[in-house]
Each structure stands twice: as structure tokens, then as C-alpha cells.
Amino acid sequence: MFKGILIEKDDAGYRAAIQTIDEANLPDGEVTVRVSHSTLNYKDGLAITGKGPVVRRFPMVPGIDLVGTVETSVHPDFAAGDQVLLNGWGVGEGHWGGLAQKARLKGDWLVPLPRQFSPQQAMAIGTAGYTAMLCILALERHGITPAHGEILVSGAAGGVGSVATAILAKLGYAVVAISGRSEEHDYIKRLGASEVRPRSEFASPGKPLAKERWAGAVDVVGSHTLANICASMKYRGVVTACGLAGGMDFPATVAPFILRGVTLAGIDSVMCPRADRLEAWRRLGADLDITKLDMISSEISLAEAIPAATKLINGEIRGRIIVDVNR
Ligand code: NDP
Numbered sequence: 205m206f207k208g209i210l211i212e213k214d215d216a217g218y219r220a221a222i223q224t225i226d227e228a229n230l231p232d233g234e235v236t237v238r239v240s241h242s243t244l245n246y247k248d249g250l251a252i253t254g255k256g257p258v259v260r261r262f263p264m265v266p267g268i269d270l271v272g273t274v275e276t277s278v279h280p281d282f283a284a285g286d287q288v289l290l291n292g293w294g295v296g297e298g299h300w301g302g303l304a305q306k307a308r309l310k311g312d313w314l315v316p317l318p319r320q321f322s323p324q325q326a327m328a329i330g331t332a333g334y335t336a337m338l339c340i341l342a343l344e345r346h347g348i349t350p351a352h353g354e355i356l357v358s359g360a361a362g363g364v365g366s367v368a369t370a371i372l373a374k375l376g377y378a379v380v381a382i383s384g385r386s387e388e389h390d391y392i393k394r395l396g397a398s399e400v401r402p403r404s405e406f407a408s409p410g411k412p413l414a415k416e417r418w419a420g421a422v423d424v425v426g427s428h429t430l431a432n433i434c435a436s437m438k439y440r441g442v443v444t445a446c447g448l449a450g451g452m453d454f455p456a457t458v459a460p461f462i463l464r465g466v467t468l469a470g471i472d473s474v475m476c477p478r479a480d481r482l483e484a485w486r487r488l489g490a491d492l493d494i495t496k497l498d499m500i501s502s503e504i505s506l507a508e509a510i511p512a513a514t515k516l517i518n519g520e521i522r523g524r525i526i527v528d529v530n531r
């Protein structure tokens, strides 16, 4: 038996609670992992609160991230005792996830824990941080260097935004952050942003084209914010879009794309091929200042993850949350 959060949906409604679960109920998979830590991402917040249609099967153990030790494996790449981590692949949505003491997974989904990181540090990064790195890799792939100019990062006090700001600053980019929380402006500047702009400046409908300012952008917000970012990119600027914290819509015109050669690069972490994940984690090991992870993250227990999910969806959490599933 092991402890985990279980989401159920039936005539009694949609609910998440800590339960004692029989190991015989674990899904099929080649590798059984003794989970040490998981995290809370925006998607986990949606799953636990039921605020978004994330969970595709019930009952479900949420948790799109996990780190732990292999207990048993019939996969050639993994053996008992290996430390592994997992991000995405529909885990915590359609396959039981990391917010529990045990998980059973496909071996091809697992990444060896990079030696630079402790299990807690890997989860302080989690899907949010690995997605931030995917955004930065996309900026680089499209040729954006620090010499091209400022990079705009939205939702900067959140998980993706915090890690993106810290990495971009370490790589020498000038980062301008967008945040709706004035009380977090000092925090965002300590992560490395040179300037923080209020969320309200970007949140309302704007012109198809605005003054050219940004060389690149990491957007987690979507909707009018993404449209206004595209409208204010420099000629041949690159916008990486990974989130919908402000809305799923994209009320924009094609003007920035056809008149300024702006590139809109979509970023998906869930089905991202293994080679790209390994590269993202390698670069996280090289380009993220580990000392900043303490500033970015805080740790909670499994039981605390349920109320924290509501706070996350309400935009009240700073940075990243690590969940100690054994506490
Ligand atoms: P967080 O909740 O940690 O951060 C989101 C931040 O967005 C908040 O901290 C807040 O920052 C800002 N925000 C919240 N609500 C609004 C709003 N209504 N309008 C404008 N800004 C808002 O989430 P994550 O960083 O983990 O994820 C961010 C987004 O990226 C989510 O939509 C998530 O689903 C998506 N995502 C996508 C992935 C992918 O594979 N494509 C992977 C990971 C995340 P502030 O207070 O500073 O303004």
C-alpha cells in the first residue's frame, strides 16, 4: 500500500483527497519508481481543483512531474537503484502521476536524474523549468542572441517565468519581465530582470502593430498579452508561446508576421521528443544558477498540495512548489 492524492469524479462530484492505495492498482509499465518528490505545476492545479479538463480518466493520481528511485525495471536502460525523473507524457492526466509515493511508468518516458541536481532541485525546476529551457532553446534555434536586444518574459513571478528569467539573465540577455504582482517586482529583479512592467500594459486589446521593442519573448499568458507581444516585436523577432494563464484565445492580426517577419514558435513539453528533453536537461545543468533555485522554490507536504493547487490557479504562488510525497 502507498499514499497518494486520488482524483475521483462520480455522482458525488469531482474531488481530490489523500488516500491509501493498493499497489495492485498501479497502471501497467516497465519501471516501478519509489517517488521522493513531485511538484505543483499550473496543469496540476487545474487537475486537482477540476478548474480545467486536464484529467482524462478516473480515478487519477495527479502530478505531471516526479523524481525517485527505480524499485523494479524490465526496461533495458533502467535498473533498481537508478535515480530518474519524469516530466509530462500525459502522466497525471491519462496515466497515474507523481503526487504519490509510487508510480509505474514506461521506461522511454524516464530521464536519468542529471548529476548537477538533487531530487529536490530537479523538482524545483520541474515541467515549468524544463519548458522555460525549451523556450530559450527555440529562441537560440531561431538565431536570437543577447546582441539582438531585450527579451520579454510574461508571468514572470510564476514557475515558467521565474526559471526563464533566471536562465536568460545568466546567458547574458537583457530581460524585461511582465508581472501582475507589484509585491514580486524585487524578487523578479533578483532573478535577473532589468525591468518589470505591469501586466495591465499588455492585457487589453491593442493595435495590430506597435513600436518595435523586443528581440524575443517567452509568453505563458496567451490572449491579448500574446497578441500585444507579437505586435511590439522588433523586425524578425521571435516569440515563444507556451501558456494560457490569461486565456486560450489569440485575438491577433497577421501584421507582425507578414510585415515584420516575426516568428511565433509554439512550445510543447508534454510530447516533446526524448532527444530534445535530454538536451533541455543538459542545458539546465549548464545554464541555470542553482543558487537561484532556493529563491524560486518552496517545499510542501502531500496534504498541503491540495489547498496549494487553488492558490496556484488563483496566481498567488511565487515561483515553484516542490512536493515531498513522503511527508
Ligand atoms: P504559474 O501559475 O506558476 O505561473 C503563471 C503566471 O502567469 C502567474 O504567476 C502570473 O504571473 C501570470 N498570470 C496568472 N494569471 C494571469 C492572468 N489572468 N493574466 C495574465 N497573467 C497571469 O504557472 P506555470 O508557470 O507553471 O505555467 C504557466 C503557463 O504555461 C500555464 O498556462 C501552463 O499551463 C503553461 N505551461 C505549458 C507548458 C507546455 O508544455 N506548453 C508546460 C508548462 C506550463 P505574475 O503574477 O507575475 O503576473
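For what it's worth, the numbering used here labels the leading residue of the sequence shown as 205, then goes sequentially.
Where is the CB? At the ideal position from N, CA and C, for every residue including glycine.
query: Status (buried if at least 16 other CB within 10 Å, exposed otherwise) for R486; result: exposed
query: Proximity winner among F406, C476 and G376, relative to S383 (alpha-carbon distances); result: F406
query: CB of M205 within 8 Å of CB of D226, strictly; result: yes
query: Bridge partner(s) assigned by DSSP for S175; result: Past the boundaries of the shown model lies residue 175; the chain is included only from 205 to 531, so the question cannot be answered.
query: Helix, strand or coil at R385 [DSSP, three-state]; result: coil
query: Ligand 1 heavy atom lying under 7 Å from the CB of K247; result: yes
query: The beta strand (DSSP E) enclosing G420, as first and last residue numbers; result: W418 to D423
query: Three-state secondary structure assigned by DSSP to E212; result: strand
query: Completely contained alpha helix (DSSP H) runs for the region 285 to 312, where each covers 4 or more residues; result: none
query: In chain order, each alpha helix (DSSP H) run of at least 4 residues that lies wholly inside the region 328 to 392; result: 363 to 374
query: Near ligand 1: T335 beta-carbon under 7 Å from a heavy atom; result: yes
query: Coil, strand or helix - S277 by DSSP; result: strand
query: C-alpha distance - V259 paired with I525, whole-angstrom precision; result: 20 Å
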